[in-house]
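Counting from 1 along the sequence shown, just add 1 to a position and that's the residue number in my numbering.
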Amino acid sequence: MKTDILHTLQAVLLENTTSYQSDFEFDVTTLLEAAKEPKTEDRTYYWLSRPCGTWCLKERDVFLKGSAAYNIWTHYESEHDGFRAFRVVVEEKNDKGLFGQVIPFDYGECVQRIKKAALPIKYITGEYGDGTTFSMQYSDYDTDERFRTTVLSKGVKTSQVFPESEDELKLRIAREHSLQTRRQKPHKEKQELVSR
């Protein structure tokens, strides 16, 4: 069953995030842009509501050790009281809104699993501001003087990081989905018993 994504997340925001609610404006832009992507993996995000602000991070990047998304997601591992985490899968955008799945899960448990499951970044590809593309070993990314000079003159329009094995990355993400779903089932059953 498809959910009105923005309506659902905004309700959580208003209930749970008391400061820096303006972060949500960036999240909305990110999720609306995601609706244009053809692959499900590029339309799947982890959304985090904290008492002070929110984050909206692409799921695959959260599983790549050293990426900005991984660093942000694991930053709060020791202090996460009041955090509410969701996997958001954008499926459809129409004149009525943005629709898909919003799946809650436990941030504290998830962050520990991701620290063990995340893969190192092997290489990076991207596009310069003038439209030309680049691809290089990630280990050369910060040390390649020619690349840094080109970035200063052309800028970087887009970039994406990759592990050594995309298949292994997909397998680890699928395992996490299974664990997130399994954790939710007892809660749903409990709700059904209460409603009876």
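Where a beta carbon is used, it is the ideal one built from N, C-alpha and C, also for glycine.
- Linking Y108 to H81 through their CA atoms gives a straight-line distance of about 8 Å.
- Taking K59 as reference, the option from R51, R85, Y46 with the minimal CA-CA separation is Y46.
- Pairing N17 with S50 gives a Cβ-Cβ distance under 8 Å.
- Note on geometry: alpha-carbon atoms of D62 and R88 lie some 13 Å from one another.
- C-alpha of Y124 to C-alpha of E177: approximately 23 Å in a straight line.
- By the C-beta criterion, the stretch 162-180 is judged to be in contact with the stretch 123-141, since at least 3 inter-stretch pairs fall below 8 Å.
- As DSSP reads the structure, V162 sits in a beta bridge with I125.
- Here V157 is bridged, per DSSP, to Y129.
- The straight-line gap separating the alpha-carbon atoms of S23 and F100 is approximately 22 Å.
- Note on geometry: alpha-carbon atoms of E93 and K171 lie some 22 Å from one another.
- Membership of A86 in the beta strand (DSSP E) is indicated by the continuous run 85-95.
- Around the beta carbon of F25, a 10 Å sphere encloses 16 or more other beta carbons of the protein chains shown; the residue is thus reported as buried.
- One Cα belongs to Q102, the other to K40, and the distance between them is close to 15 Å.
- Annotated as distal: K158 and Y139, with beta-carbon spacing of 8 Å or more.
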